[in-house]
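Read left to right, the first sequence gives residues 255 to 547 (the working numbering).
No residue lacks a Cβ here, since even glycine has one placed at the ideal position from N, Cα and C.
The structure presented is a predicted model; accordingly, all values stated were derived computationally and were not measured.
Below is one structure, written out as structure tokens; the observations come after it.
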Amino acid sequence: MPELPEVETIRRHLAPRVEGRVLRELEVMDARWCSPLAAHEVASAVEGRRVDALTRRGKYLIWELHDDVHLMMHLRMTGTLLLDPAEPPRHRRVRAAFDDGQQLYFDDPRRFGTGELALGSDALDEFFAGRLGVEPFSPEFTSAHLYALTRARRAPIKAFLLDQRRIAGVGNIYADEALFRAGIHPLRPAGRLTRSQVAALRDGVLASLEAGLDAKGASIDDFRDPDGVQGSFQDRFLIHLREGEQCLVCGRPVRKLRVAGRGTYVCERCQPRPRGTRAAAALRGGAQVAQAT
DNA sequence: CGCCCTGTTGGGGA
DNA sequence: ATCCCCAACAGGGC
Numbered sequence: 255m256p257e258l259p260e261v262e263t264i265r266r267h268l269a270p271r272v273e274g275r276v277l278r279e280l281e282v283m284d285a286r287w288c289s290p291l292a293a294h295e296v297a298s299a300v301e302g303r304r305v306d307a308l309t310r311r312g313k314y315l316i317w318e319l320h321d322d323v324h325l326m327m328h329l330r331m332t333g334t335l336l337l338d339p340a341e342p343p344r345h346r347r348v349r350a351a352f353d354d355g356q357q358l359y360f361d362d363p364r365r366f367g368t369g370e371l372a373l374g375s376d377a378l379d380e381f382f383a384g385r386l387g388v389e390p391f392s393p394e395f396t397s398a399h400l401y402a403l404t405r406a407r408r409a410p411i412k413a414f415l416l417d418q419r420r421i422a423g424v425g426n427i428y429a430d431e432a433l434f435r436a437g438i439h440p441l442r443p444a445g446r447l448t449r450s451q452v453a454a455l456r457d458g459v460l461a462s463l464e465a466g467l468d469a470k471g472a473s474i475d476d477f478r479d480p481d482g483v484q485g486s487f488q489d490r491f492l493i494h495l496r497e498g499e500q501c502l503v504c505g506r507p508v509r510k511l512r513v514a515g516r517g518t519y520v521c522e523r524c525q526p527r528p529r530g531t532r533a534a535a536a537l538r539g540g541a542q543v544a545q546a547t
């Protein structure tokens, strides 16, 4: 569930409750979470330090601790943070205790979530330099910048959007939504988009991410609640994430493809199929690029 | 009931 | 540069 908007929403809820507190204890129950570092290495690096700030880069949540110690958390697909839950969550991987008595659990059934450590801001910058590109909610994310990034890229535009090294934080469902809003087919080669299409895509990326921000939910405790954040932000989506549903704009049934190894939903009237490209040939042939499910 | 497929992610290897 | 597979688990379809 956690993509950039959800991570940002979690951060906004959590920051006022943890900033300035001292992280007394970090109990790592799953050694895989911080591998290859040992659990006790991570714990001893962060314990006793004050939380200077809780920030975010892409889909990473960053605990900026005293003396330039940084703990980068990634929730991957099923990770959740729960503050002072009524009872410890079933799939808890990490528990943090603060000096004011608050307990924060990292719950993650699938155990994909990760925790990494950066000692010093140089190490932090280096960590992200190789992984993350431009931050969508930043002044640098202009259509001119995006246009330059896409040039000479032959990969499908959806694969481009999902590549965190180009734009940080666009996940699968947000990529679909952005492309739908921009009227661009996910299989269009990135480098062949026109300037105006790129401009529409830039706006679509921002609009789709904003649609997921601050969706309902008074506390971070209800991120799993079907009536909470999840239902709420999906109501703000225009593209249906289910095959056969009617497009909200034109009524045509939504089609499901597989692009960049991910389920991909598209309205082929609002998002015209590419013509005269390898992608188009693959679509016609129904090869592995596009398969109905 | 069991088997198979899927999935809001990212990294490593081919 | 790109694609495929994998990590580990839950839930749904058959």
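Original post:
Among Asp284, Arg365, Val300, which has the Cα closest to the Cα of Arg278?
Top reply: Nearest to Arg278 by alpha-carbon distance, out of Asp284, Arg365, Val300, is Val300.
Subject >> Straight-line Cα distance separating Pro363 from Glu281 >> reply: 17 Å
Subject >> Rounded separation between Pro393 and Leu460 - CA only >> reply: 12 Å
Subject >> Contact set for Leu492: own chain, Cβ-Cβ below 8 Å, skip 5 residues either direction >> reply: Glu431, Phe434, Arg435, Leu502, Val503
Original post:
Going by DSSP, which residues form a beta bridge with Ala350?
Top reply: Leu280, Leu358
Subject >> Validate contact between the segment 289-296 and the segment 372-382 using beta carbons, cut 8 Å, 3 pairs >> reply: no
**OP:** Would you kindly report the start and end of the unbroken beta strand (DSSP E) that includes Arg449?
**Re:** Premise fails: Arg449 lies in the alpha helix (DSSP H), 449-466, not in any beta strand (DSSP E).
Subject >> Rounded distance between the beta-carbons of Gly312 and Gly423, thought under 8 Å >> reply: Indeed they touch by this definition, with Cβ atoms about 4 Å apart.
**OP:** Mark Ser462 as exposed unless 16 or more other C-beta atoms lie within 10 angstroms of its C-beta, in which case mark it buried.
**Re:** buried
Original post:
What does DSSP give as the partner residues of Ile316 in its beta bridges?
Top reply: Thr309, Met326
Subject >> Counted within 10 angstroms of its Cβ, other Cβ atoms place Glu464 as buried (16 or more) or exposed >> reply: exposed
**OP:** Determine the direct distance from the alpha carbon of Val508 to that of His399, and round the result to whole angstroms.
**Re:** Computed Cα separation, rounded: 31 Å.
**OP:** Would you mind sorting Thr334 into buried or exposed? The rule is 16 or more other CB atoms within 10 Å of its CB.
**Re:** buried
Original post:
Taking the continuous beta strand (DSSP E) assigned at Val424, which residues delimit it?
Top reply: Neither: Val424 is in no beta strand (DSSP E) and is coded neither H nor E.
**OP:** Figure out for me which residue from Ala454, Thr368, Arg449 has the closest Cα to the Cα of Leu291.
**Re:** Thr368
Original post:
Roughly how many whole angstroms lie between the Cα atoms of Ala514 and Pro410?
Top reply: 8 Å
Original post:
Using a Cβ-Cβ cut-off of 7 Å (strictly less than) and excluding sequence neighbours within five positions of Phe382, which residues of its own chain qualify?
Top reply: Around Phe382: Arg311.
Subject >> Option nearest Phe365 by Cα separation, candidates Glu380, His345, Phe352, Gln356 >> reply: Residue 365 is actually Arg in this sequence, not Phe. Ranking the options by Cα distance to Arg365, first place goes to His345.
Original post:
Going by DSSP, which residues form a beta bridge with Ala372?
Top reply: His324
Original post:
Under three-state DSSP, which class holds Leu511?
Top reply: Looking at Leu511 - three-state DSSP - the assignment turns out to be strand.
Original post:
What is the residue span of the alpha helix (DSSP H) that Val261 lies within?
Top reply: 258-272
**OP:** Go through its chain and collect everything with a Cβ distance to Asp481's Cβ below 7 Å, but skip five positions before and after it.
**Re:** Note on Asp481: pLDDT 41, under 50, position unreliable in the model; the coordinate value appears next. Around Asp481: no qualifying Cβ.
Original post:
Does the Cβ of Pro526 have 16 or more other Cβ atoms within 10 Å, making it buried, or fewer, making it exposed?
Top reply: exposed
**OP:** Note down, in chain order, each residue of its chain lying with its Cβ closer than 6 Å to the Cβ of Asn426, except the 5 sequence neighbours on either side.
**Re:** Cβ neighbours of Asn426 beyond the five flanking positions: Arg516.
Original post:
Is Arg506 helix, strand or coil when you go by DSSP?
Top reply: coil
Original post:
Under the three-state reduction of DSSP, which class applies to Leu337: helix, strand or coil?
Top reply: If DSSP states are grouped into helix, strand and coil, Leu337 belongs with the strands.
Subject >> Whole-Å CB distance - Arg275 paired with Asp353, under 8 Å assumed >> reply: 6 Å
Original post:
By the 10 Å Cβ neighbour count, where 16 or more other Cβ atoms means buried, how is Asp338 classified, buried or exposed?
Top reply: exposed
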